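Novice: Just passing along the structure, written as structure tokens.
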Ligand code: UDX
């Protein structure tokens, strides 16, 4: 949809992404969607992770938050794992208030003189501190939630699920602390609504049981979120996100109605603010424009020569990290599956390694013969390639949507956060993928790859995936749900 021809006074929208790849992509795509619907765009960004800005000459960029020495610590964190991301989110929420207020105040004053009113602020849902700043300036704030509706509902239910005993045995299931202890203290010290004391848990649940209140999920999916219950610092971040989303003027979702009809009904009940499902965003504008890493394209000559649906594309997203022994299992399973592959291995993806130096002896002989390894790929193009037969993914929401849109079946290996929720949804509800749910074990890996790539089962999965791809296309056409919802969003923002 493009309403840019409409004769209305130009209005400016200010957008503020969380500075990590999986959050930058959808926010910049949304900015492009709004721009092509007649809005002027300002992007607030940290200098940290801002390599993409030169690809958007039609936007105004304003750096923010980097001057505070505490926030400078962010660049030391990097963005290699869940801990770095969560710590970054905490730091910025903690110290961002004053900088954002000053920046927006100046922009609001200037916009009055420029006859181009700023109508709203759109921020990532994880920027929970921005709600009170926007309120104090009487500027409506709309939230962009970059993951699924289902995942938001689960995150909103963490305290309830904890009270019901679903987190009870989680502490024994993983001992990795994903937030470092200094930050943990910051979060807990600033907690004005102290957590309820844990311990009201009713019973220990069987990990294979379904969660009664959210039957899509199994109990073990909750443990894989790597939250240790409502007293966990990550749970505090999520609780703040949920509260401040409720206080906002609306939610934009990178999803579409036909994908999450039941969840949408619940969202309407539990979050009675306007909701706009206008996705998948990358169907309007590709993610590659906001890539922080330079994609390797050298493998395309090889990929072009491969038979249709014969190559397994493997990528575990922008922030997950793997243990060395798991990496060995993946390599062995892949080798014995005898399938062709294109494997994205980010630098630092394997803990304690620079890159792929830990591969088992002989594995590199396969690379060249039946596979390629790259540091970063133009993912959307790979998924759209006729040779790509399946996607072994960490089930990040952007990757999930990109796969759905190309009708590519998935193998799901989630790491943390929303990913186990997405994986369960893909395998048990949509049935367009297989969940590799018992961890990293070479025989199971080999078997699962063969199920999805060559065995009879793959036909049913592929058929459902193609059916879902068709539904996406319909939703984006005139009269389709996403198309209409975008029209409503444009109208809503214009009316603010
Ligand atoms: C994480 C969460 O898991 C996700 O659900 C949340 O919404 C954002 O943070 P991330 O690990 O970044 O996400 O994965 P994902 O959401 O899949 O996003 C990765 C993005 O990087 C995708 O748009 C993908 O196309 C892109 N990508 C990935 C590349 O362009 N090249 C690659 O080689 C790998």
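In my numbering, the protein residues as written are 56 to 551. Backbone N, C-alpha and C fix where the C-beta goes; we use that ideal spot for every residue, glycine too. From a predicted model like this one, the values you see are computed outputs, not experimental measurements.
Taking residue 19 as the reference, give the member of 348, 176, 518 and 67 with the closest Cα.
Specialist: Residue 19 lies beyond the residue range present for the chain, which begins at 56 and ends at 551; the question has no answer from this structure.
Novice: Assign residue 96 to one of three DSSP states: helix, strand, or coil.
Specialist: Reduced to three states, the DSSP call for residue 96 is strand.
Novice: Thinking C-beta only, is residue 501 closer than 8 Å to residue 370?
Specialist: no
Novice: Determine the contact status of residue 76 and residue 347, defining contact as a CB-CB distance below 8 Å.
Specialist: Contact flag set, yes.
Novice: Give me, in chain order, the residues of the same chain whose beta-carbon lies closer than 6 Å to that of residue 344; leave out the 5 immediate sequence neighbours on both sides.
Specialist: 110, listed in sequence order.
Novice: So what does DSSP say about residue 495, is it helix, strand or coil?
Specialist: Assignment of residue 495 by DSSP, reduced to helix, strand and coil, places it in the coil class.
Novice: For residue 108, is the beta carbon positioned less than 7 Å from some heavy atom of ligand 1?
Specialist: no
Novice: Rounded to a whole number of angstroms, what is the C-alpha to C-alpha distance between residue 214 and residue 285?
Specialist: 5 Å
Novice: Out of 222, 302 and 91, which one is the CA nearest neighbour of residue 189?
Specialist: Distances from the alpha-carbon of residue 189 to those of 222, 302 and 91 put 302 closest.
Novice: Just to confirm before moving on: does the CB-CB distance between residue 81 and residue 453 stay below 8 Å?
Specialist: yes
Novice: Residue 339 by DSSP, collapsed to three states: which one?
Specialist: Three-state DSSP puts residue 339 in coil, outside helix and strand.
Novice: Determine, using beta-carbon pairs with one atom in the region 518 to 535 and one in the region 461 to 479, whether at least three such pairs fall under 8 Å.
Specialist: yes
Novice: Count the other CB atoms within 10 Å of the CB of residue 200; is the residue buried (16 or more) or exposed (fewer)?
Specialist: buried
Novice: Once the 5 residues before and after residue 255 are set aside, which same chain residues still bring their CB inside 7 Å of it?
Specialist: Its pLDDT being 42, under 50, residue 255 is placed unreliably by the model, and the measurement read from it follows with that caveat. If we look at residue 255 and ignore the five residues flanking it on each side, its Cβ neighbours are 218.
Novice: Taking 7 Å as the cut-off, is the C-beta of residue 75 nearer than that to any heavy atom in ligand 1?
Specialist: yes
Novice: To the nearest angstrom, report how far apart residue 359 and residue 181 are at their CA atoms.
Specialist: Whole-angstrom Cα-Cα distance: 40 Å.
Novice: Who pairs with residue 398 in a beta bridge, going by DSSP?
Specialist: For residue 398, which the question treats as bridged, DSSP gives the partners 369 and 428.
Novice: Assuming residue 385 is part of the alpha helix (DSSP H), what are its boundary residues?
Specialist: First-last of the alpha helix (DSSP H) with residue 385: 379 to 392.
Novice: Could you check if residue 550 is buried or exposed, using at least 16 other CB atoms within 10 Å of its CB as the buried criterion?
Specialist: exposed
Novice: Which residues bound the alpha helix (DSSP H) around residue 515?
Specialist: 512 to 531
Novice: List in chain order: all unbroken beta strand (DSSP E) runs of 3+ residues lying wholly within the region 312 to 359.
Specialist: 330 to 332
Novice: For residue 317, is the classification buried or exposed, using 16 other Cβ atoms within 10 angstroms of its Cβ as the cut-off for buried?
Specialist: exposed
Novice: Short of 7 Å in beta carbon distance, which residues of its chain neighbour residue 315, apart from the five on each side in sequence? Order them along the chain.
Specialist: Leaving aside the five residues that flank residue 315 on each side, the residues in its chain whose CB is nearer than 7 Å to its CB run, in chain order, 203, 204 and 205.
Novice: Judging by CA-CA distance, which residue of 84, 352 and 416 is the nearest neighbour of residue 398?
Specialist: 352
Novice: Taking residue 269 and residue 209 to be in contact with their CB atoms under 8 Å, please state how far apart those CB atoms are, rounded to whole angstroms.
Specialist: 6 Å
Novice: Under a Cβ-count criterion, where at least 16 other Cβ atoms within 10 Å of its own Cβ denotes burial, should residue 191 be classed as buried or exposed?
Specialist: exposed
Novice: So who's on the other strand from residue 273, going by DSSP bridges?
Specialist: DSSP lists 265 as partners of residue 273.
Novice: Is the beta carbon of residue 118 sitting closer than 8 Å to the one on residue 104?
Specialist: no
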